[in-house]
Amino acid sequence: MSTVEHFTDLQREAIEWRRYLHQNPELNFRVDNTARFVAEKLASFGINHIETGIAETGIVALIPGDGGDGPTIGLRADMDALPIVEASNKPWSSRVSGKMHACGHDGHTAMLLGAAKYLANTRSFKGCVALIFQPAEEVELPSGGLKMVESGIMDRFNISRVFGMHNSPGIEVGHFAICDGPILASQDDFDIVVKGKGGHAASPHRAIDPVVISAQIILGLQTLVSRNTDPTEALVISVTKLKAAQAYNIIPDQVEMAGTVRTLMPGLRDFAERQIRMAAEGIARSAGANVEFKYIRSVPVTFNHTQETSLAIKAARDLVGSSAVDGKIKAQMGAEDFAYMLEARPGAMIYIGNGSTAGLHHPAYDFNDDALPYGIGYWVNLVETVLGA
Ligand code: NI
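Add 463 to a position in the sequence shown, counting from 1, and you land on the number used in the working numbering.
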């Protein structure tokens, strides 16, 4: 197993890749130039098996070890940027106005490239490493992770376990954090249209006022969590969008509202869908109105498997020491589309410290280049831990 000093030579090169990607951000499935850059680098490392164009611009590349037969494990990085105007004021700021790498996927790609170069050179493991570079992590359904799974990469490349890594501002550089079980929430969205009867605001008795009914529905939804779910199980229901009339004196025919549901318990998604529908329909009907209801399942719970979480902790601790790896962090209610890969195969996602930078998706955010050798070292140690010859 290696400590981080092994990877400082690679860091210089990885910084160049990272800053090039940072200056040239691309969105969603249209990460064509990024994917071309990745494929060229992989080929220059002597990697022969590179499949491009998966889920439009995704890549899977295989590095067989020299240690003989064994399983194939997948290591995943995401490549897409965000539609944000950069305000980091770094010399390597985005050259594309309105697009920036505000989630550090430039760093994720550079770290996996660094590991690829190292592993293609040493190959001191058995079985095979599948490098997975995906587009469109940031988009709503269907995202790049889902599309790559649906395109059959797990079966086609015989991947038996899959691992992910995301940087985390607020965690010190050189530190890692992970937990067994749910680490990020599922994300579902819903739309409710309350259909009443419009009229003049001065004559509410001649109307069926969807505004007042909507207010009751919003309050009703807040008690689903407080009164109907186990207090030890996390569920968030937030109404975030509301559209009624555009005038002081009009009661509208209908009100449109929308919101989001987050949970760490996969079973609570069914519960939320059922209960939100029941509450909205019941409240509307009792007032003589109707509702249209749509529940949109988006990203599943990012669920770390026990055995793979232990392997990830071991790989990180061998790199940076026990005290720099928190193996029991609290789950967060954000969502991440690596969840689809963890539904398809057992695996684990770990956080790597990005130091005291601006937060993810903030215009002043920048991936911390000091984290690069730690990320590269983690991937290498993980491969040598899981596929130890
Ligand atoms: Ni991200």
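From the three backbone atoms N, C-alpha and C, an ideal C-beta is built for every residue, glycine too.
Please read all numbers here as calculations on a predicted model, not as lab measurements.
For residue i, count neighbouring Cβ atoms within 10 angstroms of its own Cβ and tell me buried if that reaches 16, exposed if not.
| i | result |
| --- | --- |
| SER606 | buried |
| GLU442 | Nothing about residue 442 can be read from this structure; the chain reaches only from 464 to 852. |
| ALA665 | exposed |
| GLU479 | exposed |
| GLN738 | buried |
| HIS668 | exposed |
| GLU489 | buried |
| GLU771 | buried |
| THR686 | exposed |
| ASN767 | buried |
| ASN712 | exposed |
| ASN844 | buried |
| ASN491 | buried |
| HIS638 | buried |
| GLY461 | Nothing about residue 461 can be reported from this structure: the residues present for the chain run from 464 to 852 only. |
Could you check how far apart the C-beta atoms of residue i and residue j are, in whole angstroms? I think they sit under 8 Å.
| i | j | result |
| --- | --- | --- |
| ALA518 | LEU575 | Not quite, the Cβ-Cβ distance comes to about 17 Å (not below 8 Å), so this is no contact. |
| ASP829 | ARG760 | No, ASP829 and ARG760 are not in contact; Cβ-Cβ is about 34 Å, not under 8 Å. |
| ARG586 | ILE526 | 7 Å |
| ASN630 | GLY567 | 4 Å |
| CYS591 | THR535 | 4 Å |
| THR520 | PRO598 | 4 Å |
Tell me which residues share the same chain as residue i and place their Cβ nearer than 6 Å to its Cβ, disregarding the 5 neighbours each side in the sequence.
| i | result |
| --- | --- |
| ALA524 | LEU505, ILE510, ILE513 and LEU594 |
| GLY797 | LEU647 |
| MET617 | ALA807 and ARG808 |
| PRO729 | VAL764 |
| ALA864 | Residue 864 lies beyond the stretch modelled for the chain, which goes from 464 to 852, so this question has no answer here. |
| TYR803 | GLY608, LEU609 and VAL612 |
| GLY627 | ARG539, PHE801 and MET812 |
| CYS642 | LYS791 and ILE792 |
Excluding five sequence neighbours on each side, which residues of the same chain lie with their C-beta closer than 8 Å to the C-beta of residue i?
| i | result |
| --- | --- |
| THR848 | MET464, LEU774, LYS777, ALA778 and ASP781 |
| VAL688 | LEU698, VAL699 and ILE700 |
| LEU731 | THR692, GLU696 and LEU698 |
| GLU755 | ASP654, ILE655, VAL656 and LYS658 |
Secondary structure at residue i, three-state DSSP: helix, strand or coil?
| i | result |
| --- | --- |
| LYS757 | strand |
| ASP529 | coil |
| GLN709 | coil |
| LYS777 | helix |
| HIS568 | helix |
| TYR828 | coil |
| ASP652 | strand |
| VAL724 | strand |
| ASP833 | helix |
| GLY818 | coil |
| ARG586 | coil |
Enumerate in chain order the residues of its own chain whose CB-to-CB distance from residue i is below 7 Å, with the five nearest sequence positions on each side excluded.
| i | result |
| --- | --- |
| GLU549 | SER556, SER557, MET563 and PRO826 |
| ILE746 | ILE676, GLN679, ILE680 and GLY683 |
- Message: Using a Cβ distance threshold of 8 Å, determine whether the segment 575 to 582 contacts the segment 758 to 777, with at least three qualifying pairs required.
- Response: no
- Task: Check whether the segment 815 to 826 touches the segment 632 to 644, counting contact only when three or more Cβ pairs, one atom from each stretch, lie closer than 8 Å.
- Result: Here the segment 815 to 826 lies against the segment 632 to 644, with 3 or more beta-carbon pairs under 8 Å apart.
- Do the segment 823 to 842 and the segment 644 to 659 make contact, defined as three or more Cβ pairs closer than 8 Å? Because the criterion of three Cβ pairs below 8 Å is not met, the segment 823 to 842 and the segment 644 to 659 do not touch.
- Query: Can you find at least 3 beta carbon pairs, one from the segment 658 to 665 and one from the segment 714 to 725, that sit closer than 8 Å?
  - Reply: Taking a cut-off of 8 Å for Cβ pairs, the segment 658 to 665 and the segment 714 to 725 touch, as three or more such pairs fall below it.
- Query: Touching or not, the segment 802 to 812 and the segment 610 to 625, by the rule of three or more beta carbon pairs under 8 Å?
  - Reply: yes
- Message: Assess contact between the segment 838 to 846 and the segment 465 to 477, defined as three or more Cβ pairs (one per stretch) separated by less than 8 Å. Is contact present?
- Response: yes
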